[in-house]
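One structure is given here, and the rest of the page talks about it.
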Amino acid sequence: MSSTQQETQAAVSATEGQFEPRILAFCCNWCSYAGADLAGVSRLQMPTNFLVLRTMCSARVDPEHVLRAFAKGADGVLVLGCHPADCHYIGGNYRTRRRIALLKILLEQYGLDPERLKLEWVSASEGVKFQSTITEFVDKIRELGPNPLIEAEKEEEAARAENAH
Ligand code: FES
């Protein structure tokens, strides 16, 4: 069964079991974290299925951080940074853009839909964009279903437990 089929199947069973995605959002300190803060103080309504991890720059997000997030059970990972030309470390976000494109290819190799990883530019004044990015991403991941790596791990564990009896 292909990874896409597995994910579709997971999505169907997830709907039945009220799947709530777990999202990790890396936000750069200077723009996106402030955008998230603005969304919060403006009391904009959005899903609460996400954790924010503040980094000094989007370029601080190492590919290993993203892979580890998926390995530890994240269903989706967002990387949010300053708009092009606004990065406080000059070209950090350009590096991030290239890195995310490569990471998406890598995710496919691991059997994960590359849409589980998303890069978006959110400035400090874009609370509404932060809200819509989170809302749309949670919907997308809900559609894709639970992280298939974790699901496969659970199945393996169940099989091992059954064989032990
Ligand atoms: S400081 Fe925001 S992306 Fe570099």
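Here the numbering used here runs 316 ahead of the position in the sequence shown, where the first position is 1.
Yeah, the Cβ is synthetic: ideal placement off N, Cα and C, and Gly gets one too.
Proximity to residue i [Cα-Cα], best of the options
i	options	result
proline 337	Ala475, Ile406, Glu467	Glu467
leucine 367	Leu360, Glu442, Glu478, Leu340	Leu340
tyrosine 405	Arg476, Gly356, Asn365, Cys373	Cys373
phenylalanine 335	Glu478, Leu460, Glu469, Glu473	Leu460
arginine 414	Ala474, Gly356, Val377	Val377
lysine 456	Ala474, Glu431, Ser439	Glu431
glutamate 469	Phe386, Ala480, Asp353, Asp402	Phe386
methionine 362	Pro462, Ala475, Thr451	Thr451
Identity of the residues DSSP links to residue i by a beta bridge
i	result
threonine 371	Cys344
leucine 360	Answer by DSSP bridge pairing: none, since leucine 360 is not bridged.
glycine 392	Ile339
Contact test: residue i Cβ vs the ligand FES heavy atom, cutoff 8 Å
i	result
glycine 443	no
histidine 381	no
methionine 372	yes
alanine 417	no
threonine 412	yes
aspartate 402	yes
alanine 483	This structure cannot speak to residue 483, because the chain is shown only from 317 to 481.
glycine 397	yes
glycine 351	no
tyrosine 405	yes
serine 448	no
asparagine 365	no
glycine 408	yes
Residue i burial status per 10 Å Cβ neighbour count (16 or more: buried)
i	result
valine 393	buried
proline 400	exposed
alanine 375	buried
methionine 317	Because methionine 317 sits at a pLDDT of 46, beneath the cut-off of 50, its placement in the model cannot be relied upon, and the point is left open.
threonine 449	buried
arginine 458	buried
glutamate 442	buried
glutamine 447	buried
arginine 384	exposed
valine 328	Its pLDDT being 48, under 50, valine 328 is placed unreliably in this model, and the value from its coordinates should be taken loosely. When all chains shown are included, valine 328 counts as exposed.
threonine 331	Because the pLDDT of threonine 331 is 49, which lies under 50, any placement of that residue in the model is unreliable, and the number read from its coordinates should be weighed accordingly. Label assigned to threonine 331: exposed.
lysine 388	exposed
alanine 355	buried
isoleucine 416	buried
glutamate 472	exposed
Supposed close pair residue i, residue j - CB separation, criterion 8 Å
i	j	result
tryptophan 437	glycine 397	6 Å
glycine 427	proline 464	6 Å
phenylalanine 342	valine 395	5 Å
leucine 419	valine 382	6 Å
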